[in-house]
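Engineer: In my numbering, each number is its position in the sequence shown, counted from 1, plus 4.
I have a structure here, written as C-alpha cells, and I will follow up with some questions on it.
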Amino acid sequence: MNVVQLKNQVRAYLAEAKWSHEGRIPTIEQYMLVALVTSGSCMLATWSFIGMGEIMTKEAFDWVIDDPKIITASTIISKLMDDITTHKFEQKRGHVASGVECYVKQYGVLEEKVYSGFHGQVEKAWLDINQECLKPTAVPMPILTRVVNLSRVMDVIYKEGDGYTHVGKMMKDNIASLFIDPLL
C-alpha cells in the first residue's frame with residue numbers, strides 16, 4: 005500500500021463517517037465507490053503477498069496498485085456478501101447504511117430483490133476471477149491464487165450467515181479441519 009492508497013482509504017473512512025453522522029444514505033453508486041475501499045479487501049490482498057519471497061517483485065506490487073480486475077472482483081465478492089448477511093445486525097448497532105439500505109432507498113424495492121441482485125453481482129465477480137486466472141497475466145499464478153483464496157475465505161465466512169461476527173459450529177469446524185485435524 006502506497007501513500008496514495010492510504011490517503012484514499014482515509015478519505016473513504018471519512019466519507020462513511022460523514023454519512024453516518026449526518027444520517028445520510030448515499031446512492032448505491034456513491035456507496036460502492038467508498039465501500040469497496042473501506043472493505044479493506046485490496047489492502048488485505050496486498051498484505052497477504054508479503055512473505056512470498058522473490059515472486060513478489062516491485063512490478064507485482066505495481067500490478068496490485070493498478071487495481072487489476074481480479075482484485076476488484078474479489079473486493080466485490082467480499083463487500084456484497086458481507087452486506088447481504090450483516091446489514092440487519094449492523095443497522096441495529098447504528099452502523100452506516102449498507103449497500104442493501106442504499107439500494108432499497110434509491111430504487112424503492114424489497115430487500116429480497118436487492119439480495120438477488122447482489123448475488124448476481126457476486127456470480128459475475130466469480131466469473132471475472134475465473135477469466136483472470138485463465139488468461140496470461142503480468143504476475144505469476146501463485147499471486148493470483150492468493151486473491152482467489154481470499155475470495156474463497158470470504159465466501160465461506162458469509163455464505164451461511166455472518167461467520168465473522170457470529171462464529172458458529174460450522175466455522176469452528178472449518179478452522180479445526182485446517183489447523184487442528186488436517187487431512188494428511
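Every residue gets a Cβ at the ideal spot worked out from N, C-alpha and C, and that includes glycine.
Where D87 and I80 are concerned, what is the direct C-alpha to C-alpha distance, given to the nearest angstrom?
Structural biologist: Near 10 Å, if we compare the C-alpha coordinates of I80 and D87.
Engineer: Buried or exposed: which applies to F183, given that a residue is buried once 16 or more other Cβ atoms fall within 10 Å of its Cβ?
Structural biologist: Counting Cβ neighbours within 10 Å, F183 comes out exposed, since fewer than 16 surround it.
Engineer: In or out: H35 buried (at least 16 other Cβ within 10 Å) or exposed?
Structural biologist: Note that residue 35 is Tyr in the sequence shown here, rather than His. Looking at its Cβ environment, which holds 16 or more other Cβ atoms inside 10 Å, Y35 is buried.
Engineer: Using the C-alpha atoms, what's the distance from K139 back to D132?
Structural biologist: Each residue's alpha carbon lies about 11 Å from the other.
Engineer: Using DSSP with H/G/I as helix, E/B as strand and the rest coil, what is K22?
Structural biologist: DSSP places K22 in helix when its eight states are reduced to three.
Engineer: Leaving out five residues on either side along the sequence, give the residues of the same chain with a beta carbon under 7 Å from the beta carbon of V152.
Structural biologist: Closer than 7 Å at the Cβ level, and outside the excluded window around V152, lie I133, C137.
Engineer: When burial is assigned at 16 or more other CB atoms within 10 Å of the CB, is M60 buried or exposed?
Structural biologist: Buried, because 16 or more other Cβ atoms sit within 10 Å of the Cβ of M60.
Engineer: If we ignore side chains and look at the alpha-carbon of each, how far apart do T76 and D185 end up?
Structural biologist: The straight-line gap from Cα to Cα measures roughly 34 Å.
Engineer: Assign H7 to one of two classes, buried (16 or more other C-beta atoms within 10 Å of its C-beta) or exposed (fewer than that).
Structural biologist: Residue identity differs from the one stated: residue 7 is Val in this sequence, not His. That one is exposed.
Engineer: With distance defined between alpha-carbon atoms, name the residue in K83, K128, V113, K109 nearest to L37.
Structural biologist: Among K83, K128, V113, K109, the Cα nearest to that of L37 belongs to K83.
Engineer: Three or more beta-carbon pairs under 8 Å between the region 88-108 and the region 143-158, yes or no?
Structural biologist: The region 88-108 is not in contact with the region 143-158.
Engineer: Can you name the start and end residues of the alpha helix (DSSP H) that S120 belongs to?
Structural biologist: 115-138 is the span of the alpha helix (DSSP H), which, as asked, contains S120.
Engineer: I need the straight-line Cα distance from F65 to G55, nearest angstrom please.
Structural biologist: Straight-line Cα distance between these residues: approximately 13 Å.
Engineer: If distances are taken between C-alpha atoms only, which option among Q9, Y17, N12, K11 comes closest to H99?
Structural biologist: H99 has its Cα closest to that of Y17, out of Q9, Y17, N12, K11.
Engineer: Considering only the beta carbon of each residue, do E115 and V108 sit closer than 8 Å?
Structural biologist: Yes. Within cutoff.
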